[in-house]
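Asks: Structure incoming, see below.
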Amino acid sequence: MPIDYQDATLATVLRNRRSVRGFTPQAIEPELLRSIFAEAQLSPSNCNTQPWQTYVASGDSCNQLRQGLVEQIMAGTPPKAEFEYFSKFKGQHRTRQVECAEALYGAMGIPREDKRGRMGALVRNYQFFDAPHVAFICMDKEFDIVNGLDIGVYLQTLMLIMEANGVASCAQGALAYFPPLVKEVLGIPEQEGILVGVSFGYEDTQVAANNARTNRAPIEQCVVFKD
1 MPIDYQDATL ATVLRNRRSV RGFTPQAIEP ELLRSIFAEA QLSPSNCNTQ
51 PWQTYVASGD SCNQLRQGLV EQIMAGTPPK AEFEYFSKFK GQHRTRQVEC
101 AEALYGAMGI PREDKRGRMG ALVRNYQFFD APHVAFICMD KEFDIVNGLD
151 IGVYLQTLML IMEANGVASC AQGALAYFPP LVKEVLGIPE QEGILVGVSF
201 GYEDTQVAAN NARTNRAPIE QCVVFKD
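Under the UniProt record's numbering, the sequence shown has 177 at position 177, and the numbering climbs by one with no breaks.
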């Protein structure tokens, strides 16, 4: 069944989409859930290789992952992602990273010195912000950065389709840090590596974190036009 985009334009969806960090327990109807991921399959990729493999957890599997991942964090289990993540940002990239953190923690009322509050915010990642669904997007471990670009295009497509259907989402690199548990629960083959997770569902507008907003750099900083 085709998705009903109502009167939403691409520009509207792009402007409205944002990372949501608080969800209601309302589950997405199975038909809509399947339609969203079916539409995301239309994403372009290099030589049409479609390197993504997506695992969607709902219900018992979602709750099992939620509980297990929080236990890993509270036990102090060292994170071990299957793909390298560059985090040593400098210059304007570091500035944007800091501004993003300030916006989020500011919305939640957590000052910089509140270590317990910040730990609580970290744990919320692994509770999927109470979302009733979470998706883990994988690709073969033998693939490299070029194939990762295809995953990024797929991820953007998926989140825009969700937004067009009134479904909120949050892409989370943190959900790739404890692959053994996730792979066990979802039956992910060892040759596939987890790149990113996406918590999704319907936004809980009462959650303070959802008041956070981030800016985008003007095109003068990011785009060069030449005649």
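Glycine residues also receive a C-beta, built at the ideal position from the N, C-alpha and C atoms.
I'd like to know whether the C-beta atoms of Gly193 and Lys141 end up nearer to each other than 7 Å.
Replies: Yes, they are a contact pair.
Asks: Based on the DSSP secondary-structure assignment, which residues constitute the bridge partners of Cys62?
Replies: None, per the DSSP bridge assignment.
Asks: Would you report the Cα separation of Pro189 and Phe143, rounded to the nearest angstrom?
Replies: C-alpha separation (whole angstroms): 15 Å.
Asks: Under three-state DSSP, which class holds Ser199?
Replies: Residue state, collapsed to three classes: strand.
Asks: Does Ala208 come out as helix, strand or coil in the three-state DSSP assignment?
Replies: Ala208 falls in the helix class under three-state DSSP.
Asks: Pick helix, strand or coil for Glu192, following the three-state DSSP scheme.
Replies: Here Glu192 sits in strand by DSSP.
Asks: Measure the CB-CB distance between Phe200 and Val223 and report whether it falls below 7 Å.
Replies: No, the pair does not count as a contact, with Cβ atoms beyond the cut-off.
Asks: By how many angstroms is the C-alpha of Pro51 removed from the C-alpha of Val20?
Replies: Approximately 26 Å between the Cα atoms of the pair.
Asks: Does the distance from the C-beta atom of Asn125 to that of Ala174 stay below 7 Å?
Replies: Contact flag set, yes.
Asks: Would you list the one or two residues that DSSP bridges to Met139?
Replies: Met139 is bridged to Gly193.
Asks: Are Leu195 and Phe83 closer than 7 Å when you measure CB to CB?
Replies: The answer is yes: Cβ separation under 7 Å.
Asks: Does the contact criterion of 3 or more C-beta pairs under 8 Å hold for the segment 95-113 versus the segment 35-49?
Replies: Verdict: no, contact absent.
Asks: Since Ile110 contacts Ala121 with CB under 8 Å, what's their CB separation in whole angstroms?
Replies: Rounded, the Cβ-Cβ distance is 6 Å, consistent with contact.
Asks: In this structure, what does DSSP give as the bridge partners for Val134?
Replies: Ala57 and Ser199.
Asks: Just how far apart, CA to CA, sit Pro180 and Glu220?
Replies: Going from the Cα of Pro180 to the Cα of Glu220 covers about 43 Å.
Asks: Consider the Cβ of Ala174: report whether some Cβ of chain B lies at a distance smaller than 7 Å.
Replies: Here there is only one protein chain, and chain B is not present.
Asks: Kindly indicate which three-state DSSP category Ser35 falls into: helix, strand or coil?
Replies: Three-state DSSP puts Ser35 in a helix.
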